[in-house]
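Novice: I am attaching a structure below and will ask some questions about it afterwards.
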Amino acid sequence: MGGMRLVVTSDIHIDKNGQETLDALAQFVEKAKADVLVVAGDVATSPTTFLHTLLTLRAVAAEVVVVAGNHDVWSPPQLVASGQNAWWRLDTLLPALCAEAGVHDLDAAPWRHGEVEFVGTLGWYDLSMRDESLPATEQDYRAGEFAGMKWMDHVYAVFPGVDGTRMSIEAVAGRLSARLRAQLAASTAPRIVGVTHMVAFPEQLHHKPFPGWRFAQAFIGHRALGEAMLADPRVELAIAGHTHMRSDLQLGTLRAVCAPLGYRSEWRGLTPTEAVAASVRVIDL
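Here the sequence shown is numbered in numbering that gives the first Met the number 0, starting from 0 and rising by one per residue.
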């Protein structure tokens, strides 16, 4: 196989990491001379910063594909009350910003480049990757609180159903995994790259002994995303984010990659240029 170079990243959090980080990433992308830049979510919560980031990256990349991350669909409760909820951000606001920036939003539609089709979705978690040995109750998971840790999606990522009440995390995960399955089923491409923000394979989880970390594993991914991609032999690469932990695994004929930049506090003293070089992956298909 050959003929396409990807630059892969996620969790760039430019509203937290700042312009210096965006500049470092843009310089890396420009030097890599990739055919496609893939950003697997968590660009920025601020719509203004989200657009600025994508415009900056589009200026140095031949093509850009993106999926939303959980932080990209966050809204303060007062905006949720006015209709600017997570569905509105995912299906209305972010596609408009991506179109303005000239990048491809995979939740809105798959995108084909030559013989390779890019499919994808934010995805959502459904507790299928939770640590069953942790003494957390079902109520703890529903509240998103355990051992002094609070999962903030429960506050800011509100997905209402048709009746206006908040959907369960399982219902959100099911709807978004169905989007991925529909894109796979509709594709006529001989080769496919799948992009999700949520982790699709439990093999990509990183285990630590701390109760808060173990609790958070429940909110990292959705096994059905991985099952859908593994079931289609055309999917040769699956890209994810969210975990802030890097991985590069071979699962049969499928390569699964997480290449998150993460927060400055996680860089262990690296400069933005060094952090970008250490985390961003260049992949030749």
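For each residue, glycine too, the CB sits at the ideal point set by N, CA and C.
Go ahead and label residue 104 buried or exposed: buried means 16 or more other beta carbons lie within 10 angstroms of its beta carbon, across all protein chains shown.
Specialist: Answer is buried; the Cβ neighbour count reaches 16.
Novice: State the DSSP-derived secondary structure class of residue 15, mapped to helix, strand or coil.
Specialist: Looking at residue 15 - three-state DSSP - the assignment turns out to be helix.
Novice: So, using beta-carbon positions, are residue 50 and residue 96 closer together than 8 angstroms?
Specialist: Yes. Within cutoff.
Novice: Is DSSP giving residue 320 helix, strand or coil here?
Specialist: There is simply no residue 320 to check, as the chain begins at 0 and stops at 284 in what is shown.
Novice: Which residues in the same chain as residue 265 place their Cβ atom closer than 7 angstroms to its Cβ, once the five residues preceding and following it in sequence are excluded?
Specialist: 243, listed in sequence order.
Novice: Which stretch, first to last residue, makes up the alpha helix (DSSP H) that contains residue 49?
Specialist: Note, residue 49: alpha helix (DSSP H), 46–57.
Novice: Three or more C-beta pairs under 8 angstroms: does that hold for the stretch 73–83 against the stretch 113–133?
Specialist: These segments do not touch.
Novice: Could you name the residues that DSSP lists as bridge partners for residue 145?
Specialist: Per DSSP, 148.
Novice: Quick check: the stretch 217–232 against the stretch 139–158, are at least 3 beta-carbon pairs closer than 8 angstroms?
Specialist: With the cut-off at 8 angstroms, the stretch 139–158 and the stretch 217–232 touch.
Novice: Can you tell me which of 149, 63, 161, 115 puts its alpha carbon nearest to the alpha carbon of residue 9?
Specialist: Residue 63 is the option with its Cα nearest to residue 9.
Novice: How close, in whole Å, do the beta carbons of residue 102 and residue 194 come, if the pair is a contact with beta carbons under 8 angstroms?
Specialist: Going by Cβ atoms, the distance from residue 102 to residue 194 rounds to 12 angstroms, so no, they are not a contact pair.
Novice: Measure the alpha-carbon distance for residue 123 versus residue 176 and round it to whole angstroms.
Specialist: Straight-line Cα distance between these residues: approximately 8 angstroms.
Novice: Please report the straight-line C-alpha distance between residue 224 and residue 200, rounded to a whole angstrom.
Specialist: The alpha-carbon atoms of residue 224 and residue 200 are separated by roughly 8 angstroms.
Novice: Can you give the Cα-Cα distance for residue 114 and residue 209, rounded to whole angstroms?
Specialist: Going by the C-alpha atoms only, they are around 45 angstroms apart.
Novice: Residue range of the beta strand (DSSP E) that residue 236 falls in?
Specialist: 234–239 is the extent of the beta strand (DSSP E) around residue 236.
Novice: What ranges does the alpha helix (DSSP H) occupy inside the stretch 58–125, keeping only unbroken runs of at least 4 residues that lie completely in it?
Specialist: Fully enclosed alpha helix (DSSP H) runs of 4 or longer: 76–80, 93–100.
Novice: Would DSSP call residue 267 helix, strand or coil?
Specialist: Here residue 267 sits in coil by DSSP.
Novice: Run the CB neighbour count on residue 151, radius 10 Å, all protein chains shown included, and call it buried at 16 or more, exposed below.
Specialist: Per the 10 Å Cβ criterion, exposed.
Novice: Thinking residue 184 and residue 221 are a contact (beta carbons under 8 angstroms), I'd like their distance in whole angstroms, please.
Specialist: No, residue 184 and residue 221 are not in contact; Cβ-Cβ is about 18 angstroms, not under 8 angstroms.
Novice: Are the stretch 14–33 and the stretch 248–255 touching, with three or more C-beta to C-beta distances below 8 angstroms?
Specialist: Result no; under three Cβ-Cβ pairs closer than 8 angstroms.
Novice: Going by the beta-carbon positions, is the gap between residue 274 and residue 39 smaller than 8 angstroms?
Specialist: Taking 8 angstroms as the Cβ cut-off, residue 274 and residue 39 do not qualify as a contacting pair.
Novice: Which residues does DSSP pair with residue 159 in a beta bridge?
Specialist: In DSSP, residue 159 forms a bridge with 165.
Novice: Taking 6 angstroms as the limit between beta carbons, can you name the residues of its chain near residue 228, skipping five residues before and five after?
Specialist: Around residue 228: 193, 234, 237.
Novice: What's the call for residue 182, buried or exposed, on a 16-neighbour Cβ count within 10 Å?
Specialist: Buried is the call here.
Novice: Roughly how many whole angstroms lie between the Cα atoms of residue 43 and residue 55?
Specialist: Roughly 13 angstroms separates the two Cα atoms.
Novice: Report the CB separation of residue 262 from residue 16 in whole angstroms; it is logged as a contact under 8 angstroms.
Specialist: Confirmed, about 7 angstroms.
Novice: Between which two residues does the beta strand (DSSP E) containing residue 246 stretch?
Specialist: 246–250 is the extent of the beta strand (DSSP E) around residue 246.
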